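Here is the structure we will look at.
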Amino acid sequence: MTTAAVKSFFNTTKVADLSRDTVEVDERTGLTTDHGVPVSDTDNWLKVTNGQYSGPSLLEDQVAREKIHRFDHERIPERVRVHARGAGAHGYFKVFDDRAKKYTFAGVLTDPSRTTPVFVRFSTVQGSRGSADTVRDVRGFATKFYTEEGNWDIVGNNIPVFFIQDAIKFPDFVHAVKPEPHNEVPQGQTAHDNFWDFVGLQPEASHMVMWAMSDRAIPRSYRMMQGFGVNTFTFMNVEGKRFFVKFRWIPELGVNSLVWDEALKIAGQDPDFHRKDLEEAISNGAPPKWTFGIQVIPEEKEHEFEFDVLDATKIWPEELVPIEEIGEMILDKTRFVGTNFFPETEQVAFCTAHVVPGIGFSDDPLLQGRNFSYFDTQISRLGINWEQLPINRPVCPLMNHNRDGQHQMRIRKGQVNYWPNRFSAGSPADRGGYVEFAQRVAGIKSRARGEKFNEHYNQAELFLNSLTKHERLHLIGGFSFELDHCDDPVVYESYTKVLSSVNFDRAKTVAEAVGGEASLSPEREHHGKQSASLSQIYYAPKKPTIKSRRIAILIADGFSKIEVESIRTLLKTAGAFPFLISMRRSKIYPADEKGDDLGVFADHHFEGQRSTLFDAILVPSGQASADILMASGRCIHWVREAFGHLKVIGAIGEGMQVLARAIKVEVPQISFASPDDSSATDSYGVVTVGKYSLLSIAREVLQIATG
Ligand code: HDE
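As structure tokens, then:
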């Protein structure tokens with residue numbers, strides 16, 4: 024399908040559907056009440072006055088009363104307990120071909136002529152709606168597909184496993200992770216006694232805790248995370264054969280994270296960092312893209328693995344069950360016509376029980392409970408007719424005998440609201456209707472889990488073993504930070520013992536850092552195995568790209584205008600987002616040129632946008648500019664922090680003096696003047712250009728951009 028065709032299809036399905044409820048405000052219509060009566064004064068409550076002094080306000084004023092009523096009820100309860108804070112975007116999904124037909128007859132996954140509209144909501148878990156984006160936390164990755172056979176929701180996370188195995192533990196887990204009940208502390212983090220108490224006593228959490236303390240829990244961007252359906256679902260093909268399946272999103276830009284110090288600072292400097300990042304990328308022509316992968320296990324192979332394939336605390340290692348990439352998703356609209364957060368991102372409501380023909384459930388005990396919980400929670404947040412809200416309603420035809428309830432939005436014609444009826448209205452489909460797989464079930468009714476659910480440490484160790492050295496150090500740092508925030512010795516001393524079941528040596532390091540107790544010997548024999556795909560670096564894009572990366576060019580009066588303008592143009596051509604940062608957000612004047620028309624507006628001053636908010640920084644040439652920057656301690660700190668956060672740093676000519684002042688380490692000077700040395704970089708990610716050659720920089724930038 025051509026881009027134009029994709030666009031026009033997209034514009035005719037969900038977006039067209041939403042436009043039915045999108046109100047153009049005609050500003051020439053005078054102000055009215057909700058029941059349409061013109062309002063003559065919206066600034067003064069009806070009062071008794073004597074002309075000179077105002078007297079009591081009158082309850083009689085229906086205009087004022089309505090205004091206050093509506094205001095008093097503007098907010099609805101935020102998502103119950105978890106995933107309250109989020110950001111959403113529209114887009115579309117397509118499969119590459121029909122190769123998944125051997126597993127499923129779901130049209131959305133097998134028909135390459137379809138472009139299925141989607142809405143995705145990314146979220147944090149622990150914090151409330153007003154918490155910061157960059158906290159250490161799992162990220163929700165929930166996708167609603169508006170398919171021709173009804174809505175299909177993959178309500179996933181950016182981590183492939185979960186803390187618990189059985190849904191009955193969810194209220195305990197969430198109570199433990201959320202702010203403590205006696206003082207409502209802490210906000211947006213798991214660094215507290217109750218969380219570590221719970222996970223210490225619930226060893227099935229060990230694997231997920233590893234992921235949560237790793238870099239995965241501090242993503243650089245929603246656009247740079249994987250998504251996982253986590254639970255095991257099922258496929259059914261036309262021959263009636265059943266398969267177990269796990270769903271996976273793989274980001275085009277690779278899996279990238281912040282460093283912890285950066286995450287902490289951004290939480291204060293720009294709490295909306297991820298939300299804004301998503302909007303910035305989409306509105307500047309860099310829509311994020313994910314490949315859609317499936318892992319499939321034929322039903323007859325269910326018991327061939329050392330773990331239970333229905334256990335949500337386990338991954339299916341890619342070495343055992345390879346990923347099959349079958350489609351892709353692009354998010355190209357932040358919000359519908361970019362206007363109103365509440366009706367879409369806040370009112371969107373997901374449900375794991377929303378599947379379409381060809382896709383079904385497994386007996387995964389976490390999934391079974393989720394299928395009950397999501398519908399239920401939407402009733403308390405949005406009311407029983409939550410599926411009629413514009414963002415939630417399907418784009419395919421609807422017909423059933425469900426009726427009435429609070430906030431009913433449809434006016435149905437017809438005399439009958441039951442089946443069977445004399446008109447055959449709303450007959451259950453005899454062709455293409457959802458059919459459950461005829462699964463044989465036998466067993467003893469008891470409160471128990473399958474035997475293989477009892478092993479909790481093998482994959483936790485596998486994850487740890489598979490990290491690179493720096494990822495492992497970050498993980499140890501995560502544990503050390505969180506356990507140091509626990510005040511009760513019972514908690515931090517005992518958790519380090521749990522850790523030694525996963526990895527004895529790492530447990531000792533953490534125990535030493537936080538005052539915990541290490542075991543004297545390993546609690547179990549370590550298997551030492553690794554799986555390459557568990558490290559983030561495995562997902563580095565095959566073609567390196569600077570597309571959508573935020574790059575700060577640090578200037579002051581006396582900068583070289585031609586150099587800066589050329590670099591800015593080159594970066595834009597390569598798809599990066601360059602920003603001029605200076606001492607003030609007003610005109611900055613180039614060397615020896617003071618004419619008002621010659622100045623260039625800085626996008627921000629460096630207190631407004633700290634270096635933490637950029638992926639790379641560049642200090643261009645110009646002695647006067649460098650002198651001003653060097654005279655500012657704040658500015659030196661700005662550059663030093665970028666170095667501490669391992670950013671890519673560039674300096675040209677006199678800009679190198681600023682760099683030398685800030686980072687005080689010997690960085691090899693790289694000259695791009697000759698074509699032969701243009702590929703040189705050094706281990707700090709610092710690039711300096713001594714003999715300035717615009718041409719060679721241009722070549723370098725374009726080379727990066729085009730891979
Ligand atoms: Fe959720 N989860 N969850 N969860 N979850 C909710 O539904 C629940 C679980 C996930 O952007 C709630 O609408 C139970 C796993 C996401 O709107 C609630 C269990 C995974 C979102 C709920 C789980 C998730 C939610 C809260 C254990 C990863 C946000 C508000 C059995 C695969 C969706 C709401 C959005 C939200 C219940 C476990 C992901 C209470 C009972 C595992 C991304 O219904």
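Under our numbering, the residues of the sequence shown are numbered 24 to 730, in order.
We put the CB at the ideal spot given by N, CA and C, even for glycine.
Only a predicted model underlies this, so the values are computations on that prediction, with no experimental measurement involved.
| Item | Value |
| --- | --- |
| Comparing the CB of Asn174 with every heavy atom of ligand 1, is any distance shorter than 8 Å? | no |
| Just checking, does the region 74 to 94 make contact with the region 113 to 121 on the three C-beta pairs under 8 Å criterion? | no |
| So, at 8 Å on beta carbons, what are the nonlocal neighbours of Leu487 in its own chain, with the 5 sequence-adjacent residues on each side left out? | Met233, Arg495, Leu498, Val525, Asn526, Arg529 |
| Since Trp272 sits in a beta bridge, which residues does DSSP pair it with? | Gly250, Phe315 |
| Among Leu557, His628, Asp331, Ile604, which residue has its Cα nearest to the Cα of Lys475? | Asp331 |
| Just to confirm, does Phe193 get its C-beta within under 8 Å of one of the non-hydrogen atoms of ligand 1? | yes |
| May I ask whether a heavy atom of ligand 1 can be found less than 8 Å away from the beta carbon of Val371? | yes |
| Need the endpoints of the alpha helix (DSSP H) that Phe365 sits in, please. | No alpha helix (DSSP H) holds Phe365; DSSP gives it neither H nor E. |
| Closest to Arg608 by C-alpha separation, out of Thr127, Ile578, Arg657, Gly406, would be which residue? | Ile578 |
| Do the CB positions of Gly381 and Glu347 come within less than 9 Å of each other? | no |
| Please report the straight-line C-alpha distance between Ala639 and Asp220, rounded to a whole angstrom. | 40 Å |
| Shorter than 8 Å, the distance from the beta carbon of Arg740 to the closest heavy atom of ligand 1, or not? | Lying before the first or after the last residue shown, residue 740 is absent from the chain, which here runs from 24 to 730. |
| Could you name the residues that DSSP lists as bridge partners for Ser80? | Lys70 |
| What does the Cβ neighbour count give for Phe637, buried or exposed, with the cut at 16 atoms within 10 Å? | buried |
| Which of the three DSSP states, helix, strand or coil, is assigned to Ser544? | coil |
| What are the start and end residues of the alpha helix (DSSP H) that includes Ser524? | 512 to 525 |
| Please classify Met679 as buried or exposed, where buried requires at least 16 neighbouring CB atoms within 10 angstroms. | buried |
| Residues in the same chain with beta-carbon distance under 6 Å from Ser151, minus the five sequence neighbours each way, listed in chain order, please. | Ala107 |
| Which residues in the same chain as Lys595 place their Cβ atom closer than 7 Å to its Cβ, once the five residues preceding and following it in sequence are excluded? | Pro601 |
| Which ranges does the beta strand (DSSP E) cover as unbroken runs of at least 3 residues, wholly within the region 459 to 490, from first to last along the chain? | none |
| With DSSP as the reference, identify every bridge partner of Asn174, one or two as the case may be. | Tyr169 |
| Anyone know if the C-beta pair for Pro417 and Tyr115 falls short of 9 Å? | no |
| Could you tell me which residues DSSP puts in a beta bridge with Val378? | Val378 is not bridged to any residue. |
| Under 8 Å: do the region 368 to 379 and the region 164 to 184 share three or more Cβ pairs, one atom per stretch? | yes |
| What span of residues does the beta strand (DSSP E) with Val671 cover, start to end? | 671 to 675 |
| Looking only at DSSP bridge pairs, what is Ile320 linked to? | Phe267 |
| Please name the residue, chosen from Arg472, Gly437, Phe251, Gly500, that lies closest to Ala214 on a Cα-to-Cα basis. | Gly500 |
| Please report how far the alpha carbon of Tyr76 lies from the alpha carbon of Leu69, in whole angstroms. | 13 Å |
| What does the alpha-carbon distance come out to for the pair Thr157 and Asp300? | 12 Å |
| Would you please state the rounded distance, in angstroms, between the beta carbons of Ile686 and Phe666? I believe it to be under 8 Å. | 4 Å |
| Below 8 Å on the Cβ atoms is my contact criterion, and I expect Ala541 with Ser503 to pass it. Report the Cβ-Cβ distance as a whole number of Å. | About 13 Å; that fails the 8 Å criterion. |
| Can you grab the Cα-Cα spacing for the pair Arg435 / Asp334, in whole Å? | 44 Å |
| Helix, strand or coil for Ser237? Go by DSSP, reduced to three states. | coil |
| Taking the alpha-carbon positions, what's the Phe384 to Ile672 distance? | 49 Å |
| Looking only at C-alpha atoms, which of Arg93, Ser80, Lys37, Gln411 sits nearest to Gly58? | First, the amino acid is wrong: residue 58 is His here, not Gly. The option with the nearest alpha carbon to His58 is Arg93. |
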